[in-house]
Amino acid sequence: MIRRLVQAHARRGGRPSGQRVLKQIFGTDRRPGSSASVEGFALIDVLVGLAMIGVISALMIVFLGQARTMMRIQKTTEMQMEVDAAARFLETAIGSAEPLPLSQSTPDMVLYLSGTGARIEFNAVQAIGFKSSALREVAVSLGSDLTIVQKIRRGSDAAKSTGGQPVLLIAGVSAVRFEYLDASAKVPSWSASWSAPRRLPAAVRFTISVARDGATYSSTGFARLDLATAGSPAS
Numbered sequence: 000m001i002r003r004l005v006q007a008h009a010r011r012g013g014r015p016s017g018q019r020v021l022k023q024i025f026g027t028d029r030r031p032g033s034s035a036s037v038e039g040f041a042l043i044d045v046l047v048g049l050a051m052i053g054v055i056s057a058l059m060i061v062f063l064g065q066a067r068t069m070m071r072i073q074k075t076t077e078m079q080m081e082v083d084a085a086a087r088f089l090e091t092a093i094g095s096a097e098p099l100p101l102s103q104s105t106p107d108m109v110l111y112l113s114g115t116g117a118r119i120e121f122n123a124v125q126a127i128g129f130k131s132s133a134l135r136e137v138a139v140s141l142g143s144d145l146t147i148v149q150k151i152r153r154g155s156d157a158a159k160s161t162g163g164q165p166v167l168l169i170a171g172v173s174a175v176r177f178e179y180l181d182a183s184a185k186v187p188s189w190s191a192s193w194s195a196p197r198r199l200p201a202a203v204r205f206t207i208s209v210a211r212d213g214a215t216y217s218s219t220g221f222a223r224l225d226l227a228t229a230g231s232p233a234s
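Start counting the sequence shown at 0; every next residue gets the next number (numbering that gives the first Met the number 0).
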C-alpha cells in the first residue's frame, strides 16, 4: 500500500512526505501520542472524582455520628431537667407542710406528717389556679409511677377531707427514698420513716431515680420545713 502511494505521488510529480503518507494511511494527522495523552487525563479526572467522593462520604459519616451524639446529649439533658424539676416541685411542696392533723389521725395519735421510705403525707397550702391557693392534704407515693394526690381540706377539721384523684408527677420512676430529720433529739438524726405525734420533721431529704431507654437519671432534694418548730395547734 505504501509503495502504491509513493508511485502515485511520483506520477503526479513530487516526492511525498512521510507525514502525508501517514495521514493517508491512518486517516488523521494527529501524532501517535495525542490520543494516549487525552485518555490519560480522563483517567486522572476519574481518580480525582473518586477520591473526592470518598472524602465527602467520610465527612458525612463523621457528621452523622456527631449529630447522633448531639441528639443523645440533648435527650439526656432534657430527661435530667425533667427529673430535677420534679425534685424541685417536691422540695417546695414538702417545705410548706403545715402543723395540722392528717385525716388518718386518731384522738390518741395526732399526726402532722406521716412518712415512709416510699410515701409521704402532709397538709400544705397548694396553688389551685391563677393567683389562688387552698389547704390540701397531700400524699406522694410510688406505685407504677410517682403520683401525687391532693385531698380537699376545709379549715383545720381533718374529718372534712375529701378524696382526690392521683396525678402523675413523673413517669418511669424506678425508685424513690424519703428520709426525715428528727431535730428534737440531743443528736439530730435521719430516719427512714416518720410517725411522731404532733410534730413535723425539721427537714426531709429524698432521691428520685427514673429509668428511661436503658438509662437511669437521678435527682436529690432537700426540703427544710419552716413550721417544724411552730407551736402545736389544738387538736
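From the three backbone atoms N, C-alpha and C, an ideal C-beta is built for every residue, glycine too.
>> Here's a check: name, in chain order, each residue in its chain whose Cβ is nearer than 7 Å to the Cβ of R211, leaving out the five neighbours to either side.
In response: M78 and G171
> From V148 to E81, what does the alpha carbon distance come to, in whole angstroms?
Replying inline: 20 Å
> So, is A126 buried or exposed, given that buried needs 16 or more other C-beta atoms within 10 angstroms?
Replying inline: exposed
> Which residues bound the beta strand (DSSP E) around L226?
Replying inline: First-last for L226: undefined, no H or E at that position.
> Taking just the CA atoms, how far does F88 sit from M69?
Replying inline: 28 Å
> Would you say W193 and L112 are within 7 Å of each other, going by their C-beta atoms?
Replying inline: yes
> Given R176, which residues of its chain have a CB within under 7 Å of its CB, disregarding the five upstream and five downstream residues?
Replying inline: Residues of the same chain with a CB within less than 7 Å of the CB of R176, apart from the 5 flanking positions on each side, are G116, F205 and T206 in chain order.
> Can you name, in chain order, every residue of its own chain whose Cβ lies under 8 Å from the Cβ of I169, other than the five neighbours on each side?
Replying inline: E81, V82, A85, D144, L145, I207 and V209
>> Taking its Cβ as the centre, do 16 or more other Cβ atoms sit within 10 Å of I43, making it buried, or is it exposed?
In response: exposed
> Is the Cβ-Cβ distance between V137 and A123 less than 7 Å?
Replying inline: yes
> What's the gap between the Cα of L226 and the Cα of P200?
Replying inline: 9 Å
> Between which two residues does the beta strand (DSSP E) carrying V175 extend?
Replying inline: For V175, the enclosing beta strand (DSSP E) covers residues V172 to D181.
>> Quick check: the Cα distance between P165 and E90, rounded to an integer number of angstroms?
In response: 19 Å
>> Quick check on the DSSP output: the beta strand (DSSP E) that includes S184 runs from which residue to which?
In response: The identity of residue 184 in the sequence shown is Ala, whereas the question assumes Ser. It is not in any beta strand (DSSP E) - A184 carries neither H nor E in the DSSP assignment.
>> If I measure Cβ to Cβ from R313 and keep anything under 6 Å in the same chain, skipping five residues before and after, which residues do I get?
In response: Residue 313 falls outside the range modelled here, since the chain spans only 0 to 234, and no answer is possible.
> Where does the unbroken beta strand (DSSP E) through Q125 begin, and where does it stop?
Replying inline: R118 to G128
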